[in-house]
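Student: I have a structure I would like to understand better, so I am pasting it below and will then ask my questions one at a time.
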Amino acid sequence: MSKPFVAIMMGSDSDLSTMQTCIDTLKELGVAHEAHVLSAHRTPDLTANYVKEAEQRGCVIFIAAAGLAAHLAGAVAANTIKPVIGIPLDAGSLGGLDALLATVQMPGGTPVATTTIGKAGAKNAAILAAEILAIQDSGLAEKLHGMRQTKREALQAADKKLQEA
185 MSKPFVAIMM
195 GSDSDLSTMQ
205 TCIDTLKELG
215 VAHEAHVLSA
225 HRTPDLTANY
235 VKEAEQRGCV
245 IFIAAAGLAA
255 HLAGAVAANT
265 IKPVIGIPLD
275 AGSLGGLDAL
285 LATVQMPGGT
295 PVATTTIGKA
305 GAKNAAILAA
315 EILAIQDSGL
325 AEKLHGMRQT
335 KREALQAADK
345 KLQEA
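Numbering (our numbering), first residue to last: 185 to 349.
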């Protein structure tokens with residue numbers, strides 16, 4: 185088995201503009217990953233085959249993003265016992281609410297950890313994947329602590345600037 189990695193899956197290439205946030209965050213943290221366009225509806229056989237093949241190559245976490253009916257994360261979860269993180273995307277007239285409900289409403293026994301809609305969800309999915317990996321990787325844990333500290337310092341600087349205005 186090769187080095188453990190995170191598999192990022194999106195239902196359409198139009199999702200890449202949102203999912204780039206996830207990819208960039210994993211890169212920033214030094215987390216091995218790969219990304220693919222696969223669909224629960226248009227390529228269900230390829231999706232199931234990819235999940236099994238990725239596991240054999242060392243995938244330890246799946247991140248699945250989709251809009252509208254958003255069944256990708258559920259289709260992935262049905263084919264693995266590895267953690268699946270679902271990202272609902274805003275792809276239709278309901279502002280992503282349809283995707284959120286489709287992603288989060290999984291039957292008992294087939295869990296999908298679901299983040300918020302859109303780019304914030306994509307970033308949070310990457311961070312959650314890294315946090316899971318950091319359970320056994322102290323170097324990654326330190327990077328995550330550093331990321332939080334940087335955000336904390338930026339917020340404190342913004343507050344100080346506001347107070348001085």
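Glycine included, each C-beta is placed from N, C-alpha and C at the ideal position.
Quick check on the DSSP output: the beta strand (DSSP E) that includes Leu273 runs from which residue to which?
Tutor: Per DSSP, Leu273 belongs to the beta strand (DSSP E) from Val268 to Leu273.
Student: Assuming Thr299 and Leu285 are in contact, meaning their beta carbons sit under 8 Å apart, how far apart are those beta carbons, in whole angstroms?
Tutor: Actually they are not in contact, since the Cβ atoms of Thr299 and Leu285 sit about 14 Å apart, beyond 8 Å.
Student: Would you list, in sequence order, the uninterrupted beta strand (DSSP E) runs of no fewer than 3 residues that lie entirely inside the region 201 to 247?
Tutor: As far as the region 201 to 247 is concerned, its whole beta strand (DSSP E) runs of at least 3 residues are 217 to 221.
Student: Measure how close the beta-carbons of Gly251 and Ala275 come, nearest whole angstrom, since I'm counting them as under 8 Å.
Tutor: Indeed they touch by this definition, with Cβ atoms about 3 Å apart.
Student: Got a sec, what are the start and stop residues for the beta strand (DSSP E) Ala191 sits in?
Tutor: Looking at the DSSP string, the run of the beta strand (DSSP E) that includes Ala191 is Phe189 to Met194.
Student: Can you give me the C-alpha to C-alpha distance between Ala261 and Leu200, rounded to a whole angstrom?
Tutor: Cα-Cα distance, rounded: 21 Å.
Student: Would Ala248 be called buried (16 or more neighbouring beta carbons within 10 Å of its own) or exposed?
Tutor: Buried is the call here.
Student: Does DSSP put Thr298 in a helix, a strand or coil?
Tutor: The answer is strand: DSSP assigns Thr298 an E or B state.
Student: For the alpha helix (DSSP H) holding Ile316, just list the boundary residues, first then last.
Tutor: Counting along the chain, the alpha helix (DSSP H) containing Ile316 begins and ends at Lys303 to Ala318.
Student: Report the CB separation of Thr231 from Ala259 in whole angstroms; it is logged as a contact under 8 Å.
Tutor: Right, the Cβ-Cβ distance comes to about 6 Å (below 8 Å), so this counts as a contact.
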